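Since the structure comes first, as structure tokens, the remarks are kept for the end.
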Amino acid sequence: MQRDRVAAKTHAPQTMYRNIEEITGKRTFSSTGCIKAMNGDIIIDKEKILERWAEYIRELFKDDRKDHNIMKNNFAGTPIMKEEVETAIKKMKHGKATGPDNISVELIEALEDFGIGKVTHLLNEIYGTGQIPTDLSKSLFIALPKKPVATECELHRTISLMSHITKILLQIIMLRKAKGEDNGWTGHMA
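With positions in the sequence shown counted from 1, the corresponding number in our numbering is that position plus 111.
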């Protein structure tokens, strides 16, 4: 009980949840190790399970738009400033899982002026060319079961982990849009 009070006072919800699970015997759901194919057959082979998840994710995020607005290199926006990167980083939550690049906001902050400078330079290259590097445009998808013994993809909550550098860029674009700056990418993002 003393641990729970300490966890509650120090705002450590994960510790509290772990302690509650320990006391009550309730556990979070875990995957069964198998999944159903589109036709309803059970798949147990790891490779085929991965293929099924890839198929499900493609279907879930399928883009049926006819006209893809492809941006040309005609960005008239002002360059991204170090201060904007710092503000965007301050607005981001810490302790969050990283995307495929494994670069966290905390790592960028730990590199201080050097890290902020490198990120600012990279974001200005992206902002100036309109080309997001492939590594920064990738996301890592994780499926969390909503129910015990979930065997259908639809019975999982799919979360996407994206690069924190990409999140910083998006935060800057949103902050510029909120200020009414309608230039560069912000005009295309509306």
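Here a beta-carbon is modelled for each residue, glycine too, at the ideal position from N, C-alpha and C. Since this is a predicted model, take the numbers as computed values, not measurements.
In the three-state scheme derived from DSSP, where H, G and I count as helix and E and B as strand, H275 is classed as helix.
The beta-carbon distance between K193 and G228, rounded to whole angstroms, is 7 angstroms. This is short enough to meet the 8 angstroms contact definition.
About 6 angstroms separates the CB atoms of I168 and F252; that is less than 8 angstroms, so the two are in contact. Here L286 is near K202, since their CB atoms are less than 9 angstroms apart. With contacts defined as CB atoms closer than 9 angstroms, I191 and L234 qualify as a contacting pair. In the structure shown, the three-state DSSP call for A199 is helix.
With contact defined as three or more Cβ pairs closer than 8 angstroms, the region 205 to 224 and the region 255 to 269 are not in contact.
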